[in-house]
Amino acid sequence: MIIRRYVDLNRLTLTAQSRADAVLEDLYKEFDLRVAANPQGLCPIDAVLSFVRLCQAQSCGKCVPCRVGLGQLCDLMEQVLDSKATMQTVKLIEKTAQSVYETADCAIGYAAAELVIKAVKGFKDDFVSHITNGVCNSSFLNPVPCKSNCPAHVDIPGYIALVGEGRYADAVKLIRKDNPFPSVCARICEHPCEEKCRRGLVDAAVNIRALKHVATDRAGVVPAPKCAEKTGKKVAIIGGGPAGLTAAYFLNLMGHETEIYEQRAKLGGMLRYGIPVYRLPDAELDSDIDAILSTGTSVHLNYSVGKDGTFDEIRANHDATFIAIGAHSDNKLGIEGEEAQGVTSAVALLRAIGDGERPDFKGKNVVVVGGGNVAMDCTRSSVRLGAAKVTCVYRRRQEDMTALAEEVEGAKAEGCVIATLMSPVRVKSAEGKVVSLVVQPQIIGEYDAKGRPAPRNADVPEQEIPADIIVVAIGQSIEAEQFGKAGMELFKGSIVTDAGCAIKGFEDVFAGGDCATGPATAIKAIAAGKTAAANIDSYLGYEHKISCDVELPTPKLVNQPRCARINEKEREAGARCKDFDVFEYAFSDQEAKQECSRCLKCDYFGYGKLEGGRELEW
Amino acid sequence: MVNLKINGKAVCVNEGTSILEAAKTVGINIPTLCFLKDINEVGACRVCVVEIEGKDRLVTACNTPVEEGINVLTNSKKAREARKSNVELILSQHDYHCATCVRSGNCALQSVANDLNIHEVPFTEKLTKKQWNNDFPVIREEEKCIKCYRCVNVCEKIQGLGVWKVLNTGSRTTVGIEGGKDIASVNCAACGQCITHCPVGALHERDDVDKVLEALEDPKKVTVIQIAPAVRAAWGEAFDITREEATVKKLVACMRKAGFDYIFDTNFTADLTIMEEGTEFLTKLTKDPGSLPLFTSCCPGWIRFIKSEFPELLAHVSTTKSPQQMFGAVAKSYFAEKIGVDPKDMYCVSIMPCTAKKFECSIPVMNDACGDPDVDVVLTTREITRLLKVYGVDVPATPEEEFDSPLGVGTGAAVIFGATGGVMEAALRTAYFVVVGENPPLDAFKDVRGLKGWKEATYDVKGIPVRVAIASGLGNTRNLLNAVKKGEVAYDFIEIMACPGGCAGGGGQPIEDGCELAGVRGENLYGLDDIADLRFSHENPEVNAVYAEYFEAPNSHKAHTLLHTDHFHDGIKDYK
Ligand SMILES: Cc1cc2nc3c(=O)[nH]c(=O)nc-3n(C[C@H](O)[C@H](O)[C@H](O)COP(=O)(O)OP(=O)(O)OC[C@H]3O[C@@H](n4cnc5c(N)ncnc54)[C@H](O)[C@@H]3O)c2cc1C
Ligand code: SF4
Ligand code: SF4
Ligand code: SF4
Ligand code: SF4
Chain A
24 MIIRRYVDLN RLTLTAQSRA DAVLEDLYKE FDLRVAANPQ GLCPIDAVLS FVRLCQAQSC
84 GKCVPCRVGL GQLCDLMEQV LDSKATMQTV KLIEKTAQSV YETADCAIGY AAAELVIKAV
144 KGFKDDFVSH ITNGVCNSSF LNPVPCKSNC PAHVDIPGYI ALVGEGRYAD AVKLIRKDNP
204 FPSVCARICE HPCEEKCRRG LVDAAVNIRA LKHVATDRAG VVPAPKCAEK TGKKVAIIGG
264 GPAGLTAAYF LNLMGHETEI YEQRAKLGGM LRYGIPVYRL PDAELDSDID AILSTGTSVH
324 LNYSVGKDGT FDEIRANHDA TFIAIGAHSD NKLGIEGEEA QGVTSAVALL RAIGDGERPD
384 FKGKNVVVVG GGNVAMDCTR SSVRLGAAKV TCVYRRRQED MTALAEEVEG AKAEGCVIAT
444 LMSPVRVKSA EGKVVSLVVQ PQIIGEYDAK GRPAPRNADV PEQEIPADII VVAIGQSIEA
504 EQFGKAGMEL FKGSIVTDAG CAIKGFEDVF AGGDCATGPA TAIKAIAAGK TAAANIDSYL
564 GYEHKISCDV ELPTPKLVNQ PRCARINEKE REAGARCKDF DVFEYAFSDQ EAKQECSRCL
624 KCDYFGYGKL EGGRELEW
Chain B
62 MVNLKINGKA VCVNEGTSIL EAAKTVGINI PTLCFLKDIN EVGACRVCVV EIEGKDRLVT
122 ACNTPVEEGI NVLTNSKKAR EARKSNVELI LSQHDYHCAT CVRSGNCALQ SVANDLNIHE
182 VPFTEKLTKK QWNNDFPVIR EEEKCIKCYR CVNVCEKIQG LGVWKVLNTG SRTTVGIEGG
242 KDIASVNCAA CGQCITHCPV GALHERDDVD KVLEALEDPK KVTVIQIAPA VRAAWGEAFD
302 ITREEATVKK LVACMRKAGF DYIFDTNFTA DLTIMEEGTE FLTKLTKDPG SLPLFTSCCP
362 GWIRFIKSEF PELLAHVSTT KSPQQMFGAV AKSYFAEKIG VDPKDMYCVS IMPCTAKKFE
422 CSIPVMNDAC GDPDVDVVLT TREITRLLKV YGVDVPATPE EEFDSPLGVG TGAAVIFGAT
482 GGVMEAALRT AYFVVVGENP PLDAFKDVRG LKGWKEATYD VKGIPVRVAI ASGLGNTRNL
542 LNAVKKGEVA YDFIEIMACP GGCAGGGGQP IEDGCELAGV RGENLYGLDD IADLRFSHEN
602 PEVNAVYAEY FEAPNSHKAH TLLHTDHFHD GIKDYK
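Sequences listed follow chains A and B, in order.
Count along the first sequence starting at 1, add 23, and that's the number in the numbering used here.
Count along the second sequence starting at 1, add 61, and that's the number in the numbering used here.
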């Protein structure tokens with residue numbers, strides 16, 4: 024601590040943080056948590072009003088637009104919220120914000136005004152609704168943040184409570200009510216559920232995926248529920264990935280007969296032919312698929328729709344059809360020399376590994392191009408295949424990579440080089456075989472239209488990265504031409520559906536998963552399968568309900584002080600990079616209990632008690 | 062079993078019991094405000110907070126289950142002060158001009174504030190006002206709403222309509238109609254269940270007392286009042302008299318003191334309803350069974366419901382008017398003629414347990430007697446209390462008097478109209494007589510009694526099996542109608558009452574916070590039936606006289622013009 028003495032005698036002094044500033048700094052950090060776990064569905068005008076109030080408190084007060092203008096903007100927005108405004112008020116808000124933006128002397132003022140300008144543009148409807156109807160368009164939509172954020176709306180607080188009591192099989196049953204891939208998701212789900220977890224307001228999100236891992240690891244074999252009485256209706260499913268299998272599972276439970284047409288030798292789609300086994304062991308994938316198939320689907324393997332039979336035939340032989348063909352063709356770099364021997368695609372590499380034909384990379388230099396999770400899978404698989412050096416080349420900065428941060432860190436720990444700000448220019452080869460990738464270094468700069476920082480060429484010469492193998496992992500596209508020819512609308516190659524997976528003009532045909540969204544995630548594909556199953560059931564004239572008879576424990580008081588989130592332990596990097604064995608360990612009992620106790624039970628406390636907390640069936 | 066201590070007393074209760082209930086078992090009361098057992102256990106008001114020793118934050122007693130070994134303090138300084146603070150916060154957003162509030166003296170917020178010794182509120186008063194359609198029978202005052210969400214849950218869970226929604230977010234969160242719409246434009250049945258469950262004066266009926274005072278004080282008007290069956294089982298609750306003292310005859314005397322010229326009994330037209338509806342049913346059963354089921358038509362809440370939710374079933378609703386509307390039509394025709402009064406000078410008032418009746422009397426086509434509305438004004442049981450207070454009628458000291466004649470005689474069958482299953486039982490008694498030629502045993506149709514939301518029975522009437530069902534509460538009604546539509550169940554005759562327990566639990570009845578009184582009131586009605594001299598509608602001498610003198614026979618042409626209505630064309634909307 025610096026004590027301010029003899030001030031008058033000192034020519035310079037060191038700045039000491041005042042106590043108030045130190046406390047405020049802490050409060051800001053706590054407030055950051057709140058911003059990060061921001062509940063969704065709130066009145067956007069009210070939220071922006073509060074931001075601007077904070078901005079106003081931050082004003083130094085020197086210049087007029089910021090000192091006075093921000094306050095006036097707050098008052099005007101308040102009038103809108105209290106239904107005391109007219110459309111004239113909105114114009115005044117716009118005009119004033121624009122002038123604050125143009126004239127404030129520093130960013131405290133003009134950046135604040137920008138918020139308001141964006142708000143008026145972004146939520147015009149909300150302004151209108153407050154003014155003309157006297158009510159907000161919004162309502163508190165996600166009483167249980169984790170459940171709402173999970174695309175399949177799995178009953179998360181429910182199964183956490185069950186795991187907390189050691190009732191693992193019940194937890195698996197409860198998860199399966201919405202998602203028949205508990206074991207898969209326990210390992211590889213991107214856990215959007217954790218993003219807005221309310222525990223984040225206190226310290227950090229609950230480690231939800233890890234708790235699912237505990238449940239599926241310890242539950243043993245949990246039989247699938249009984250199917251409803253047979254309806255005699257037949258549904259065709261094209262594609263045996265998570266979307267197709269999920270639809271089959273729920274349709275079977277509803278009493279319909281399902282048939283899956285799958286072009287490969289095994290089911291699972293990208294779960295098997297994309298995601299490497301060190302992240303998702305075959306045994307886990309197979310246990311979920313076995314449970315799904317136990318409900319009675321018939322499966323045609325090595326049957327490619329379009330080659331071995333036509334879509335029209337299949338459609339004609341079934342009462343309804345679900346298309347879930349995923350996204351399986353590779354995007355090309357489109358650079359000179361790409362056809363050289365040694366240049367391969369992510370899909371081809373991972374598919375070979377999935378089929379058990381692991382290429383030998385011993386002693387080779389491998390260069391992976393891309394910055395997403397697939398690129399990381401290729402990078403980390405290449406290390407495990409024995410490569411001497413693996414370099415991942417990416418055009419932007421590490422923080423701009425779409426891959427999960429822990430994947431990138433994991434790769435680095437395993438000795439891979441992440442070469443950022445490098446744009447591939449051409450592939451050099453000798454005698455048709457790759458020798459290197461030539462890259463142009465980049466400089467990051469202004470933001471593009473989508474709000475992402477855009478790279479451009481830096482004023483430095485090209486560089487050459489030696490390579491025996493180049494893996495291109497810059498995204499996949501969809502092979503849906505046959506459906507386009509059949510008359511379905513395609514957008515950027517994907518099949519256009521509504522939010523219920525329905526296809527315009529084809530009332531008996533539904534589509535979902537990667538083939539409708541573009542490459543996404545397993546849980547989104549599962550959600551699509553679930554949604555399609557419900558809507559196919561309705562289309563067939565039924566209203567079957569999927570429910571789960573597991574009784575939940577009485578909610579216990581949650582009154583826990585701040586308590587840190589536990590992460591799963593990983594095998595030591597030096598050891599795990601030598602094989603394809605799983606690298607994450609499930610929690611110990613002690614860890615599981617503590618992590619479960621961190622859940623705030625939003626289904627029972629807070630808004631969940633009023634609306635939307637417990638949904639027992641769908 | 063779970064063992065715990067509450068204020069030092071040892072308590073042992075079943076797992077899952079709330080702290081509130083556990084405390085009750087040892088005589089400890091914890092104040093509540095938003096809580097309504099099974100319907101609204103949302104923990105919104107935070108008035109029932111209690112301390113659990115060793116825990117930093119307080120918990121709500123109403124929805125926190127007991128835990129082994131905890132030590133609950135319901136009146137610690139911490140709990141008491143927090144509770145008081147929360148009530149003060151609620152008051153800061155509540156317009157407590159109690160002197161002009163219909164719920165003064167019967168308000169849960171007033172009680173809890175008084176009980177907590179709150180004499181001033183340390184916060185700035187922040188009241189919000191909202192526009193409302195004051196012509197509708199259900200009135201909402203935003204500035205009195207304490208956001209307890211009881212109305213939201215009653216309408217959603219009990220009535221299955223979900224008219225009230227939680228609107229907005231943040232500090233402006235409130236309750237209202239989706240999108241700020243006019244209540245008259247949405248599917249509200251006007252049953253008033255939200256009113257009887259509102260803890261404060263934020264929801265109340267449209268007050269029509271002044272209109273009636275004006276008519277009473279107009280020397281040109283002949284005022285006729287009818288008293289509905291269910292009113293007699295409840296009206297006394299608002300006065301300092303016992304249930305035994307609060308007879309309908311005492312109410313008759315009070316009405317006479319208030320200055321009504323003729324005081325009649327809706328039971329009379331309830332019996333008439335049985336004759337009309339019973340005949341309609343028997344005709345369909347024997348001649349056109351394909352057109353069954355037949356639904357009763359006496360509850361306007363139900364009629365509003367079927368029109369908005371199941372218009373495709375409207376053809377199954379009996380065309381018979383409700384007893385109230387029949388009464389108005391008979392009063393302004395037969396009775397006006399009889400006493401030689403121009404029906405235009407007659408002012409017809411009803412006392413109803415019901416807010417939907419206020420809507421019913423305003424339906425444009427309900428004007429068959431003379432072109433004016435057959436019933437001019439409906440006062441709920443609660444408003445009649447106020448009317449008597451305006452005139453300073455000393456209710457306890459008023460001795461019983463008889464109804465006027467000829468529309469003043471009703472049978473036991475008519476009295477039970479006020480309880481769920483009553484209309485069905487009354488109809489079956491007479492139908493049996495018509496088919497078999499003799500009266501059935503008096504307890505023949507007892508199975509249709511009771512508070513169960515959906516009841517069914519099959520009776521053999523001279524070899525014809527008659528399958529009947531009864532639902533009360535619109536949530537139960539929706540389930541029943543869905544099952545009928547899907548063919549999961551099949552009935553011939555179905556009685557529906559919008560309010561749980563029937564009119565005994567009607568939305569216009571006196572309010573006792575947190576208590577459902579439909580059960581006791583219903584018992585009371587069955588008791589009156591037991592001691593009645595006449596038990597069968599077809600034995601009502603004045604009903605028989607009105608047929609002999611005026612209508613000839615049930616379902617005659619004249620009966621059709623005055624006693625029946627066309628649900629498809631009500632003058633508001635065409636349904637076919
Ligand atoms: C390398 C990689 C890693 C990934 N990692 C993750 C992760 O960690 N977490 C996560 O959530 N998601 C991850 N994903 C994404 C996830 O795997 C996919 O989003 C998901 O599998 C999509 O499911 P789907 O059912 O729509 O399609 P797919 O899984 O692609 O399944 C489609 C199926 O249809 C079959 N098919 C295609 N065309 C035909 C035809 N004409 N006839 C018959 N069958 C056909 C295919 O063979 C395939 O089996 C990853 C993807 C990849 C590529
Ligand atoms: S605290 Fe529990 S219930 Fe709430 S969001 Fe997090 S995991 Fe879900
Ligand atoms: S009157 Fe009845 S239907 Fe209307 S809002 Fe109230 S409870 Fe719902
Ligand atoms: S209107 Fe009454 S019942 Fe409804 S939320 Fe307000 S106070 Fe509660
Ligand atoms: S049940 Fe009775 S009180 Fe309720 S709406 Fe119907 S008629 Fe009115």
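All residues carry an ideal CB built from backbone N, CA and C; glycine is no exception.
Cβ-based burial, MET110 of chain A [other Cβ within 10 Å; buried from 16]: Here residue 110 of chain A refers to the residue found at position 87 of the first sequence. Label assigned to MET110 of chain A: exposed.
Contiguous alpha helix (DSSP H) assignments of at least 4 residues, all confined to the segment 227-278 of chain B: 254-258, 270-277
Proximity below 7 Å, CB of GLN364 of chain A to CB of LYS473 of chain A: Numbered from its first residue, the first sequence carries residue 364 of chain A at position 341. Numbered from its first residue, the first sequence carries residue 473 of chain A at position 450. Against a cut-off of 7 Å, the Cβ pair of LYS473 of chain A and GLN364 of chain A comes out as no contact.
ALA174 of chain B CB to nearest heavy atom of ligand 4 below 6 Å: By one-based count along the second sequence, residue 174 of chain B stands at place 113. Because no heavy atom of ligand 4 lies under 6 Å away, the Cβ of ALA174 of chain B does not count as near it: no.
Alpha-carbon to alpha-carbon, LYS226 of chain B and VAL434 of chain A: For the purposes of this step, residue 434 of chain A is taken as the residue at position 411 of the first sequence. For the purposes of this step, residue 226 of chain B is taken as the residue at position 165 of the second sequence. Looking at the sequence provided, one finds Ala at residue 434 of chain A rather than Val. Straight-line Cα distance between these residues: approximately 51 Å.
Min CB distance ASP309 of chain A to chain B below 7 Å: Taking the first residue of the first sequence as position 1, residue 309 of chain A is located at position 286. Chain B, which has no Cβ nearer than 7 Å to the Cβ of ASP309 of chain A, makes this no.
Check your reading: residues with Cβ closer than 6 Å to ligand 3 heavy atoms: B:VAL199, B:VAL215, B:CYS216, B:GLN220, B:LEU222, B:VAL224, B:TRP225, B:CYS249, B:ALA250, B:ALA251, B:CYS252, B:GLY253, B:GLN254, B:CYS255
Chain B contact residues for CYS66 of chain A, given Cβ-Cβ distances below 8 Å: Start at 1 with the first residue of the first sequence, and residue 66 of chain A comes out as number 43. Neighbours of CYS66 of chain A on chain B, chain order: ASN229, THR230, GLY231, ARG233.
Proximal chain A residues relative to PRO126 of chain B, where beta-carbon distance stays under 9 Å: Start at 1 with the first residue of the second sequence, and residue 126 of chain B comes out as number 65. By Cβ distance, chain A contributes THR577, PRO578, LYS579, LEU580.
Interface residues of chain A facing ASN362 of chain B [CB-CB closer than 8 Å]: Taking the first residue of the second sequence as 1, we reach residue 362 of chain B at position 301. Per the sequence presented here, residue 362 of chain B reads as Gly, with Asn not at that position. Within 8 Å Cβ-Cβ: nothing; GLY362 of chain B doesn't reach chain A, min ~25 Å.
Range covered by the beta strand (DSSP E) that runs through PRO205 of chain A: In the first sequence, the residue the question calls residue 205 of chain A occupies position 182. Looking at the DSSP string, PRO205 of chain A is not in any beta strand (DSSP E); the run it does join, the alpha helix (DSSP H), is 205-211.
Residue range of the beta strand (DSSP E) that includes ILE200 of chain B: Reading the second sequence from its first residue, position 139 is the one you call residue 200 of chain B. Run containing ILE200 of chain B: 199-201, per the beta strand (DSSP E) assignment.
CA nearest to the CA of VAL431 of chain A, picked from A:THR402, A:PRO166, A:ASP491: Here residue 431 of chain A refers to the residue found at position 408 when the first sequence is read from its first residue. Closest option to VAL431 of chain A, Cα to Cα, is A:THR402.
Simplified DSSP state of GLU530 of chain A, which is helix, strand or coil: Residue numbering aside, residue 530 of chain A sits at position 507 when the first sequence is read from its first letter. Strand.
Contact residues within the segment 146-164 of chain A, judged by C-beta distance below 7 Å to chain B: ASN156, GLY157, VAL158, CYS159, SER161, SER162, PHE163
Cβ contact (3+ pairs, closer than 8 Å) linking the segment 121-132 of chain B and the segment 222-236 of chain B: no
CB contact check: LEU633 of chain A to chain B, cutoff 7 Å: Working through the first sequence from its first residue, we reach residue 633 of chain A at position 610. Answer yes: the Cβ-Cβ gap between LEU633 of chain A and chain B drops below 7 Å somewhere.
Secondary structure of HIS341 of chain A, DSSP reduced to three states: As a first step, residue 341 of chain A must be located in the first sequence, where it is residue number 318. Coil.
CB of LYS387 of chain A within 7 Å of CB of ASP491 of chain A, strictly: Here residue 387 of chain A refers to the residue found at position 364 of the first sequence. Here residue 491 of chain A refers to the residue found at position 468 of the first sequence. Yes.
Whole-Å CB distance - ALA492 of chain B paired with PHE342 of chain B, under 8 Å assumed: The residue labelled residue 492 of chain B in the question sits at position 431 within the second sequence. The residue labelled residue 342 of chain B in the question sits at position 281 within the second sequence. ALA492 of chain B to PHE342 of chain B, Cβ: 7 Å. Contact.
Check: LEU513 of chain A C-beta below 6 Å from any heavy atom of ligand 1: As a position in the first sequence, residue 513 of chain A is number 490, starting the count at 1. No, since every heavy atom of ligand 1 falls outside the 6 Å radius drawn around the Cβ of LEU513 of chain A.
Minimum C-alpha distance to GLN486 of chain A - residue among A:LEU460, A:LEU308, A:GLN505: Residue mapping note: residue 486 of chain A aligns to position 463 of the first sequence, counting from 1. Out of A:LEU460, A:LEU308, A:GLN505, A:LEU460 has the C-alpha closest to the C-alpha of GLN486 of chain A.
Residues near VAL410 of chain B by beta carbon distance below 6 Å, same chain, minus five either side: Here residue 410 of chain B refers to the residue found at position 349 when the second sequence is read from its first residue. Taken in chain order, the residues that qualify are VAL273, ILE286, VAL438.
Any non-hydrogen atom of ligand 4 closer than 6 Å to CYS649 of chain B Cβ: Residue 649 of chain B lies beyond the residue range present for chain B, which begins at 62 and ends at 637; the question has no answer from this structure.
Neighbour flag for GLY240 of chain B against chain A, beta carbons, 7 Å: Within the second sequence, numbered from 1, the residue matching residue 240 of chain B stands at position 179. At least one chain A Cβ lies under 7 Å of GLY240 of chain B.
ALA105 of chain B CB to nearest heavy atom of ligand 4 below 6 Å: Walking along the second sequence from the start, residue 105 of chain B turns up at place 44. False, no ligand heavy atom lies under 6 Å from that Cβ.
Cβ neighbours of ALA501 of chain A in the same chain (closer than 6 Å, five flanking residues each side left out): In the first sequence, the residue the question calls residue 501 of chain A occupies position 478. Per the sequence shown, residue 501 of chain A should be read as Ile rather than Ala. Contacts found: ALA350, GLY516, SER517, CYS538.
Cβ neighbour criterion (16 or more within 10 Å) applied to MET62 of chain B: One-based indexing of the second sequence puts residue 62 of chain B at position 1. Flag for MET62 of chain B reads exposed.
Chain A residues whose Cβ lies nearer than 8 Å to that of GLY237 of chain B: Taking the first residue of the second sequence as 1, we reach residue 237 of chain B at position 176. Chain A residues near GLY237 of chain B: VAL158.
Contacts that ASP69 of chain A makes with chain B (C-beta to C-beta distance below 9 Å): Stepping through the first sequence from its first residue, residue 69 of chain A is reached at position 46. Ordered by position in chain B, the residues that pass the 9 Å Cβ test against ASP69 of chain A are ASN229, THR230, GLY231, SER232, ARG233.
Proximal residues, the segment 445-463 of chain B versus chain A, C-beta separation under 7 Å: none
Residue(s) in a DSSP beta bridge with GLU607 of chain A: Position 584 of the first sequence, counted from the first residue, corresponds to residue 607 of chain A. Paired residue(s): A:GLU593.
Residue burial classification, ALA598 of chain A (beta-carbon count within 10 angstroms, cutoff 16): Translated into the one-based positions of the first sequence, residue 598 of chain A becomes position 575. Result: exposed.
Residues that LEU324 of chain A contacts on chain B, provided the C-beta gap is smaller than 9 Å: Against the first sequence, residue 324 of chain A aligns to sequence position 301. Ordered by position in chain B, no residue passes the 9 Å Cβ test against LEU324 of chain A, which lies about 40 Å from the chain.
Nearest-angstrom Cβ-Cβ length linking VAL552 of chain A and PRO265 of chain A, presumed shorter than 8 Å: Locating residue 552 of chain A in the first sequence gives position 529, counting from the first residue. Locating residue 265 of chain A in the first sequence gives position 242, counting from the first residue. Reading the sequence as shown, one finds Gly at residue 552 of chain A and not Val. Yes, GLY552 of chain A and PRO265 of chain A are in contact; Cβ-Cβ is about 7 Å, under 8 Å.
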